[in-house]
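The next block holds one structure in the form of structure tokens; read it before the comments.
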């Protein structure tokens, strides 16, 4: 199995990415390729005593930054680590992992790897850091959605949770501002009807924001704008809780002593709110596995994202999604990111 890794993507690249790659190479029987500036990669590895034996490096000169425009940067920086890595995945790899610009990764994946035939938009699917694993999608790729996007994401999410977490019949919920089926925007109300009438999923209805922490379902669908805010709110609250607890234990000598008794429990509590413990977020709906690691990923998070990529490849999720859309009733008015970018390219060429 060949895993391709964007060595230059992320806030802590390339050092933490290289560290994570070495950890994964030592733990798993895989072929691993780092894509990025070879001189910089080898230098940071040497400076930190990291052996790159068994890890291939494909040299690139350009880097896609977090500030770059997502819809144009893949074309503008064709020799970037992300663009080259995606083209390698299309031609020869099994999975691609990047902690870089989320929008660029989504747009580039949709253009280069392309969505599964019949899937309108790929979505970022994140396992929320709660007591019970709950997959939420979309988490930032698509801020404007249609009811059919949400319906397709619900099915893809259910297939993913069934295969990766071995849940026989994943429960699906729709994030909304009320339990009643008519609540929410017109898109949410129409999506509720589609989800309710879809025999491929077990739909439990609307899920309100205050219910999320209870993990009332296995798959939670929403638009990318709401999903991204929800995800970051949960991550922020986890950090706030840990900061508050540490402050409590520093109150006096007695509380400081009790900290050592509770130390391991606090460490477990912290992990519970750490999304990186579950690995990266898969872009569901693409023809090959692409994993988005958190932008601030450290070495352990990168290694977990690679682990998730391996599981994604082995479970056959993409084949099952492809079979679903092949046999499902065609969706009218399908429109994809790939077609949008392609249309822009044709306009540029004509201009």
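Numbering (the working numbering), first residue to last: 10 to 360. Even for Gly, the Cβ is constructed at its ideal location relative to N, Cα and C.
Using the beta-carbon count (16 or more within 10 Å), is residue i buried or exposed?
{"i": "residue 201", "result": "buried"}
{"i": "residue 86", "result": "buried"}
{"i": "residue 255", "result": "exposed"}
{"i": "residue 342", "result": "Because the pLDDT at residue 342 is just 44, under 50, the model does not fix this residue reliably, and the value given afterwards should be weighed accordingly. The residue in question, residue 342, is exposed, as its Cβ has fewer than 16 Cβ neighbours within 10 Å."}
{"i": "residue 352", "result": "For residue 352, the pLDDT reaches just 40, beneath the cut-off of 50, and the residue's location in the model is therefore unreliable, leaving the point undetermined."}
{"i": "residue 205", "result": "exposed"}
{"i": "residue 261", "result": "exposed"}
{"i": "residue 245", "result": "exposed"}
{"i": "residue 152", "result": "exposed"}
{"i": "residue 16", "result": "buried"}
{"i": "residue 307", "result": "buried"}
{"i": "residue 185", "result": "buried"}
{"i": "residue 102", "result": "buried"}
{"i": "residue 271", "result": "exposed"}
{"i": "residue 188", "result": "exposed"}
{"i": "residue 252", "result": "exposed"}
{"i": "residue 223", "result": "exposed"}
{"i": "residue 263", "result": "exposed"}
{"i": "residue 303", "result": "buried"}
{"i": "residue 60", "result": "exposed"}
{"i": "residue 266", "result": "exposed"}
{"i": "residue 69", "result": "buried"}
{"i": "residue 236", "result": "buried"}
{"i": "residue 170", "result": "buried"}
{"i": "residue 350", "result": "At residue 350 the pLDDT is 40, less than 50, meaning the model places this residue with poor confidence; the figure from the coordinates comes in the next sentence. So residue 350 counts as buried."}
Quick check: residue i and residue j, are their CB atoms within less than 7 Å of each other?
{"i": "residue 32", "j": "residue 314", "result": "no"}
{"i": "residue 28", "j": "residue 64", "result": "no"}
{"i": "residue 227", "j": "residue 176", "result": "yes"}
{"i": "residue 229", "j": "residue 143", "result": "yes"}
{"i": "residue 294", "j": "residue 317", "result": "no"}
{"i": "residue 164", "j": "residue 209", "result": "yes"}
{"i": "residue 47", "j": "residue 66", "result": "yes"}
{"i": "residue 36", "j": "residue 14", "result": "no"}
{"i": "residue 62", "j": "residue 110", "result": "no"}
{"i": "residue 112", "j": "residue 79", "result": "yes"}
{"i": "residue 372", "j": "residue 20", "result": "No answer is possible for residue 372: the residues shown for the chain start at 10 and end at 360."}
Mind reading off the beta-carbon distance from residue i to residue j? Whole number of angstroms is fine, and I expect it under 8 Å.
{"i": "residue 150", "j": "residue 131", "result": "7 Å"}
{"i": "residue 322", "j": "residue 298", "result": "6 Å"}
{"i": "residue 326", "j": "residue 172", "result": "5 Å"}
{"i": "residue 93", "j": "residue 44", "result": "5 Å"}
{"i": "residue 12", "j": "residue 106", "result": "7 Å"}
{"i": "residue 108", "j": "residue 18", "result": "5 Å"}
{"i": "residue 121", "j": "residue 99", "result": "6 Å"}
Quick check on this structure: which residue in the options has the alpha carbon closest to the alpha carbon of residue i?
{"i": "residue 81", "options": "21, 97, 57, 114", "result": "114"}
{"i": "residue 159", "options": "172, 170, 145, 62", "result": "145"}
{"i": "residue 140", "options": "221, 245, 58", "result": "221"}
{"i": "residue 242", "options": "148, 17, 258", "result": "148"}
{"i": "residue 292", "options": "251, 124, 199, 186", "result": "124"}
{"i": "residue 309", "options": "24, 263, 10", "result": "24"}
{"i": "residue 193", "options": "55, 216, 20", "result": "216"}
{"i": "residue 39", "options": "329, 332, 319", "result": "319"}
{"i": "residue 196", "options": "259, 231, 258, 180", "result": "231"}
{"i": "residue 117", "options": "198, 37, 91, 183", "result": "91"}
{"i": "residue 179", "options": "156, 191, 190, 213", "result": "213"}
{"i": "residue 248", "options": "59, 138, 52", "result": "138"}
{"i": "residue 238", "options": "218, 250, 264", "result": "218"}
{"i": "residue 10", "options": "60, 42, 330", "result": "42"}
{"i": "residue 52", "options": "22, 233, 170", "result": "22"}
{"i": "residue 296", "options": "329, 198, 191", "result": "329"}
{"i": "residue 234", "options": "133, 55, 97, 199", "result": "133"}
{"i": "residue 207", "options": "126, 257, 169, 161", "result": "161"}
{"i": "residue 211", "options": "225, 198, 75", "result": "225"}
{"i": "residue 54", "options": "269, 190, 26", "result": "26"}
Quick check on residue i - is its C-beta less than 7 Å from some C-beta in chain C?
{"i": "residue 335", "result": "Structure shown: chain C not included; a single protein chain is present."}
Worksheet entry | Length-filtered (4 minimum) alpha helix (DSSP H) runs lying within the segment 187-233 | 195-205
Worksheet item: Which ranges would you report for the alpha helix (DSSP H) in the segment 94-164 if only whole runs of at least 4 residues count?
Response: 111-121
Worksheet entry | Runs of beta strand (DSSP E) wholly within the segment 30-101 (minimum 3 residues, chain order) | 40-45, 64-68
Worksheet item: Where in the segment 290-335 do unbroken runs of the beta strand (DSSP E), each at least 3 residues long, occur, reported from the N-terminal end onward?
Response: 290-293, 299-301
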